[in-house]
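By our numbering, the letter at position 405 of the sequence shown is numbered 783, and the numbering carries on one by one without gaps. The C-beta atom is built at its ideal place from N, Cα and C for all residues, glycine as well. Bear in mind the structure is a predicted one, so any value in this text is a computation, not a measurement.
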Amino acid sequence: MAKGRKNGLYNSVSEELSALMRTGWADTERHDLEPAEQAPYAAARRAALSALFPGERLIVPSGNLKTRSNDDTYPFRPYSGYVHLTGDQARDGALVLEPRSDGGHDAFCYQLPRDSRDDDEFWIGYTAELWMGRRRSLAEAETVLGLPCRDVRTVTEDLAAGSGVPTRIVRGVDPALEAAVTTGEERDAELEGALSDLRLVKDAWELGEMRKAVDSTVRGFTDCVAELSRAVASSERWIEGTFFRRARLEGNHVGYGSICAAGDHATIMHWTDNDGPVRPGELLLLDAGVETHSLYTADVTRTLPVSGTFTPVQRQVYDAVYEAQEAGMAAVKPGAPYRDFHEASQRHLAARLVEWGFIEGPVDRAYALGLQRRFTMAGTGHMLGLDVHDCARARTEEYVDGVLAPGMVLTVEPGLYFQPDDLTVPEEWRGIGVRIEDDLVVTEEGHENLSAGLPRSSAEVEAWMARFAG
Ligand code: GLY
Ligand code: MN
Ligand code: MN
């Protein structure tokens, strides 16, 4: 007889209760479902993957719940490569591409089906459907995803049946599935790299999702400006919560931990504690992105003067970053080497830093030695999509050493950060951090700034705050 959890208040189930629970349920199978809008796009992505690995079996898991403590779990986030190839977000799933003799593949999506009501599994245990919510039946999943679905509880058996077939799996996503197959580390890494490569150019459906992510993010930033006085009265957490509410209302979540960095916290690249004060006269660096229901994220930064106007030094830093961003964005066009936008921005900042006397010139020498990095810290941008740092495993020659192509989406995000304890700059510069980050899609003609709905120049930011700041 199934037991409850250790130290739960019910420690046994009577035969009578078990029988009672199994009976009297309506048939809730859904027959009204339609294929997802994304299904044909996902099929095209699978076809592109199939063409790269003829004769090989490919396994792309979705991942499992991760324990937070005891029987409590973290919110589940499926592996992005699985989402890209299926449009599905279910846990414990796996896409398997079985090779055919003609060089193509047959795709199967393994899914955890609905819990049976012929035993106690549907109502006992933390992850039971009655506790966690209804899943899709295999037939429902087939309709929505547009590909054959199988019960994941038989995947090991099915894979054992073709154990002679050369196999690759994406590692680090589903340890149990990984242990059930024989593969090679290097070849598995090639599969993961290929999945990243495939995501470098977004299809039309993905671009629509990116627009939604950015549009919601723009609304979230406006919310934060409107709530600024309440943040001054409380802390950076008010900003974090305000943006989070927009993300949860309009999308799935935030695409990464929001950076709500006031005062000298702005000089900390990954400041996500967000527990500091928001003081008039200081800057607030807000780096945040809404993740859509389909799991595509924006990644936008604005740096705002809390009192509504920049001090002369803040403006000097801000305008230099703005000009560096303009120079970087001008380099975003099809056929341009990926590194160009980064170099254009960094060179501009190096020139300013030499001019201000913070690094030794001439500019070419300073730039060649990377001296500006003391104050610019990070690269000027990255690919964006299902992951905030998207396509991270792509082949270097296709990504940082590659060229831009229409459909790529990337951030351009130069910044200057003067640490509060940096004795090489005058005191009034210390603790100032400025980043301006926008999300660009490469078009046939050049680029489109998806986040152009937010003010960028210092004058525009001040006018925006005068209008909306609460
Ligand atoms: N928010 C992380 C980044 O800008 O890359
Ligand atoms: Mn970014
Ligand atoms: Mn960012």
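Item	Value
Local Cβ density within 10 Å of valine 820, reported as buried at 16 or more and exposed below that	buried
C-beta atoms of phenylalanine 753 and leucine 782 nearer than 8 Å	no
Under the three-state DSSP convention, the category valine 438 falls into	strand
DSSP state of phenylalanine 486 mapped onto helix, strand, coil	strand
Residue(s) in a DSSP beta bridge with arginine 528	Tyr488
Contact belief for serine 594 with glycine 633 at Cβ below 8 Å, rounded distance in angstroms	With a Cβ gap of about 10 Å, serine 594 and glycine 633 do not count as contacting.
Where cysteine 769 falls, given that 16 or more other Cβ within 10 Å makes a residue buried	buried
7 Å CB neighbourhood of glycine 598 in its chain, flanking five on each side removed	Phe621, Arg624, Ala625, Ala666, Val668
Nonlocal neighbours in the same chain, by C-beta distance under 7 Å from arginine 845, ignoring five residues either side	none
Proline 553, buried or exposed, once every other Cβ within 10 Å from all chains shown has been counted against 16	exposed
Residue nearest to aspartate 410 in terms of C-alpha spacing, selected from Thr521, Val803, Arg589	Thr521
Rounded separation between arginine 608 and proline 833 - CA only	22 Å
The beta strand (DSSP E) enclosing alanine 666, as first and last residue numbers	661 to 666
Whole-Å CB distance - leucine 727 paired with proline 792, under 8 Å assumed	6 Å
Option nearest glycine 654 by Cα separation, candidates Ser723, Arg693, Ala468, Ala611	Ala611
Residues near leucine 762 in its chain [Cβ-Cβ closer than 8 Å; skip 5 each side]	Met588, Thr675, Ala676, Asp677, Asp768, Val787, Leu788, Thr789, Asp817
Nearest neighbour of serine 479, chosen from Tyr504, Glu434, Gly831 [CA to CA]	Glu434
Distance between methionine 707 and valine 803 (C-alpha atoms, nearest Å)	28 Å
Any non-hydrogen atom of ligand 1 within 7 Å of tyrosine 634 CB	yes
CA-to-CA distance, glutamate 838 to tyrosine 364, given in whole angstroms	The question about residue 364 has no answer, for the chain in this structure spans 379 to 848.
Residue list, Cβ distance to ligand 2 heavy atoms smaller than 6 Å	Asp677, His760, Thr789, Glu791, Glu815
Beta-carbon proximity check, isoleucine 437 vs alanine 472, cutoff 8 Å	yes
Limits of the unbroken alpha helix (DSSP H) element including glycine 706	690 to 708
Three-state class that DSSP yields for arginine 680 in the structure shown	strand
Counted within 10 angstroms of its Cβ, other Cβ atoms place alanine 705 as buried (16 or more) or exposed	buried
Host alpha helix (DSSP H) of glutamate 394 (start-end)	393 to 400
Residues near glutamate 563 in its chain [Cβ-Cβ closer than 8 Å; skip 5 each side]	Arg549
Glutamate 776 vs aspartate 575 beta-carbon contact at 8 Å	yes
Stretch pair the region 385 to 402 + the region 492 to 502: three plus CB contacts closer than 8 Å	yes
Cutoff 8 Å; reference arginine 512; Cβ partners in own chain excluding five residues on either side	Thr406, Arg492
Host beta strand (DSSP E) of valine 812 (start-end)	811 to 813
Whole-angstrom distance between glycine 619 and serine 836, CA atom to CA atom	26 Å
Proximity winner among Gly524, Arg577, Arg495, Asp449, relative to phenylalanine 486 (alpha-carbon distances)	Gly524
For histidine 760, the three-state DSSP class (helix, strand or coil)	coil
Assigned secondary structure, threonine 595 (DSSP; H/G/I helix, E/B strand, else coil)	helix
Span of the alpha helix (DSSP H) around isoleucine 617	614 to 628
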